[in-house]
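Here the structure is laid out as structure tokens; the discussion comes afterwards.
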Amino acid sequence: MKKVVANASEAVRDIKDGMTLMLGGFGLCGIPENSITALVNLGVKNLTCISNNAGVDDFGIGLMLKGRQVKKMISSYVGENAEFERQLLSGELEVELLPQGTLAERCRAEGAGIPAFFTPAGYGTEVAEGKETREFDGKQYIMEKAFNSDYAIVKAWKGDTDGNLIFKATARNFNPMMAMAGKITIAEVEELVPAGELDPNFIHTPGIFVNKIFQGVDYEKRIEQRTIR
Amino acid sequence: MLTKQQIAQRIARELKDGYYVNLGIGIPTLVANYVPEGINVTLQSENGLLGMGPFPTEEEIDADLINAGKQTVTTLPGSSFFDSATSFAMIRSGRVDLTVLGAMEVNDNGDIANWKIPGKMVKGMGGAMDLVASAKNIIVAMQHTNRDGESKLLKKLTLPVTGLGCVKKVVTDLCVMEVTESGFELKELAPGVTIEQVKIATEGRLIIEGEIPEIQF
Chain C
406 MKKVVANASE
416 AVRDIKDGMT
426 LMLGGFGLCG
436 IPENSITALV
446 NLGVKNLTCI
456 SNNAGVDDFG
466 IGLMLKGRQV
476 KKMISSYVGE
486 NAEFERQLLS
496 GELEVELLPQ
506 GTLAERCRAE
516 GAGIPAFFTP
526 AGYGTEVAEG
536 KETREFDGKQ
546 YIMEKAFNSD
556 YAIVKAWKGD
566 TDGNLIFKAT
576 ARNFNPMMAM
586 AGKITIAEVE
596 ELVPAGELDP
606 NFIHTPGIFV
616 NKIFQGVDYE
626 KRIEQRTIR
Chain Z
2 MLTKQQIAQR
12 IARELKDGYY
22 VNLGIGIPTL
32 VANYVPEGIN
42 VTLQSENGLL
52 GMGPFPTEEE
62 IDADLINAGK
72 QTVTTLPGSS
82 FFDSATSFAM
92 IRSGRVDLTV
102 LGAMEVNDNG
112 DIANWKIPGK
122 MVKGMGGAMD
132 LVASAKNIIV
142 AMQHTNRDGE
152 SKLLKKLTLP
162 VTGLGCVKKV
172 VTDLCVMEVT
182 ESGFELKELA
192 PGVTIEQVKI
202 ATEGRLIIEG
212 EIPEIQF
């Protein structure tokens, strides 16, 4: 099956209103920039977005928030986005905040065929409300379920025409687990090479998890906290 | 009274050779500047880096290499990168030896609140709930009182809890305290601070036994 598509708009064109999307990245690091722009242009609405953060006002998922495309955000930390906070406090946007490790594991569980798991994170807090708790060896845990997402959209450093992916540095973050999840996974890469060029020893995400792949263009890679020695 | 730097410097004395350490945002980040001579620790950044190095030079800046505070950083010899699920596997399985966090409130059972002010601040917990639920050793670095002069060391939390019974030690601008079954046990005083000042600034149960030494720098 041919996985390579020409560009971001071709990759996202079947995404519909009301779908649940996973978007890779930590802060603005390793986010699928091209696909986000294509989603803004596509104009799909009422989306549920699963992503560790919600971008900043004028970049990343912030661009989708500005266009009121997002009905619900599922994240662990959303502190850098004023528009997000405004929509949340006014009730326009629904938000589910989860511990970061729980968010990661719920992605992994979906991709691994595990319906639920127990974690100690959030026990005794608001996060545990309405969730089953259980004691194992004297410690309390809460049950968290796998996500159920329509699309996972990830960004990798290198990829090949079979969908194998390699990530760079901390731009890896949530991308590999999300790539395993989604019913359909879209990967945008900085460099797309023919199958056989990447060393199989260094593949992070095997191509079986990736349905569509394209080489992105004009990566801005904005830095949130430019800190020098 | 201790400055933020001195709070970090005092906490750095808790580091032991070979420790894997996760430092939160704010004062905890400064702990990295005071690692004692002869001690090697490995810093874990929960976005997927073990062996975090100092901030880069202008030439070294790499947008793909950041810490959990989204600051540009560098690697060190022996560093590794990994995904977020692997990162929290390290944390939940107790392999991180020491976690240093900021807090809005701590109570005398060692419960901590640091993620939400209802109706005012909605930022989220990030990795804090995973860290406090599993870390073996948690030290809180914070000011003893809030901007209105109210104690942040309480009998009962007023803000939504992040984790229960997890804080082992608190280092503030006034003192060092250990969280014990009977409450906050005063261990050391900041230079120039009296026991009376600590009593006034601490709303939770406070235990004072014997001579309390002054922190030396």
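Residue numbers (the working numbering), protein chains in the order written: chain C, 406 to 634; chain Z, 2 to 218. Every residue, glycine too, gets a C-beta built ideally from N, C-alpha and C.
Sub-8 Å separation of serine 495/C and glycine 125/Z beta-carbons
As a first step, residue 495/C must be located in the first sequence, where it is residue number 90. As a first step, residue 125/Z must be located in the second sequence, where it is residue number 124. No, Cβ-Cβ distance for serine 495/C and glycine 125/Z is not below 8 Å.
So that I know if they touch, is there some Cβ in chain C lying closer than 8 Å to that of lysine 5/Z?
Residue 5/Z sits at position 4 when you count from the first residue of the second sequence. Answer no: the Cβ-Cβ gap between lysine 5/Z and chain C never drops below 8 Å.
Please name the residue in Met105/Z, Leu50/Z, Thr58/Z and Gly70/Z whose C-alpha comes closest to that of valine 97/Z.
What you label residue 97/Z is simply residue 96 of the second sequence in a count that begins at 1. When each option's Cα is compared against that of valine 97/Z, the closest is Leu50/Z.
So that I know if they touch, is there some Cβ in chain C lying closer than 8 Å to that of lysine 71/Z?
To locate residue 71/Z, count along the second sequence from 1; it is residue 70. Yes, its Cβ sits closer than 8 Å to a Cβ of chain C.
Please report the residue range of the alpha helix (DSSP H) in which alanine 90/Z lies.
For the purposes of this step, residue 90/Z is taken as residue 89 along the second sequence, with counting starting at 1. The continuous alpha helix (DSSP H) containing alanine 90/Z extends over residues 85–93.
Classify isoleucine 192/Z as buried or exposed, calling it buried when 16 or more other Cβ atoms lie within 10 Å of its own Cβ.
By one-based count along the second sequence, residue 192/Z stands at place 191. As written in the sequence, residue 192/Z is proline, which differs from the isoleucine given in the question. Exposed.
Would you kindly check if the distance between the Cβ of isoleucine 591/C and the Cβ of serine 440/C is under 8 Å?
Position 35 of the first sequence, counted from the start, is the residue given in the question as residue 440/C. Position 186 of the first sequence, counted from the start, is the residue given in the question as residue 591/C. Yes, the pair counts as a contact, with Cβ atoms nearer than the cut-off.
Between the alpha carbons of cysteine 176/Z and glycine 128/Z, how many angstroms are there, rounded?
On the second sequence, position 175 is the one that residue 176/Z refers to. On the second sequence, position 127 is the one that residue 128/Z refers to. So the two alpha carbons sit approximately 27 Å from each other.
Reference isoleucine 628/C, options Ala69/Z, Thr30/Z and Ile12/Z, closest by Cα:
By one-based count along the first sequence, residue 628/C stands at place 223. Taking only the C-alpha atoms, the option nearest isoleucine 628/C is Ala69/Z.
Hey, does glutamine 505/C have any beta-carbon neighbour from chain Z nearer than 8 Å?
As a working mapping, residue 505/C is identified with position 100 in the first sequence. Yes - at least one Cβ of chain Z is within 8 Å of the one on glutamine 505/C.
Between proline 161/Z and proline 119/Z, is the Cβ-Cβ spacing less than 8 Å?
Locating residue 161/Z in the second sequence gives position 160, where the first residue counts as 1. Locating residue 119/Z in the second sequence gives position 118, where the first residue counts as 1. Yes.
Do you know how far the Cα of proline 599/C is from the Cα of glycine 535/C?
As a working note, residue 535/C is residue 130 in the first sequence. As a working note, residue 599/C is residue 194 in the first sequence. When rounded, the distance between both Cα atoms is 48 Å.
Close Cβ partners of glutamate 15/Z (< 7 Å) along its chain, the five nearest in sequence each way excluded:
The residue labelled residue 15/Z in the question sits at position 14 within the second sequence. These residues qualify, in order along the chain: Leu99 and Ile140.
Quick one: is glycine 484/C near chain Z, going by C-beta distance under 8 Å?
Stepping through the first sequence from its first residue, residue 484/C is reached at position 79. Yes - at least one Cβ of chain Z is within 8 Å of the one on glycine 484/C.
Just the chain C side, please: which residues come within less than 7 Å of valine 162/Z by C-beta, in chain order?
To locate residue 162/Z, count along the second sequence from 1; it is residue 161. Here the neighbours are Gly529 and Thr530.
May I have the straight-line CA-CA distance separating glycine 103/Z from isoleucine 62/Z, to the nearest angstrom?
If you number the second sequence from 1, residue 103/Z lands on position 102. If you number the second sequence from 1, residue 62/Z lands on position 61. Computed Cα separation, rounded: 27 Å.
Distance between aspartate 149/Z and methionine 582/C (C-alpha atoms, nearest Å):
Here residue 582/C refers to the residue found at position 177 when the first sequence is read from its first residue. Here residue 149/Z refers to the residue found at position 148 when the second sequence is read from its first residue. Using only the alpha carbons, I get a separation of about 44 Å.
First and last residue of the uninterrupted alpha helix (DSSP H) at glycine 516/C
Numbered from 1 along the first sequence, position 111 holds the residue referred to as residue 516/C. Start and end: 505–517.
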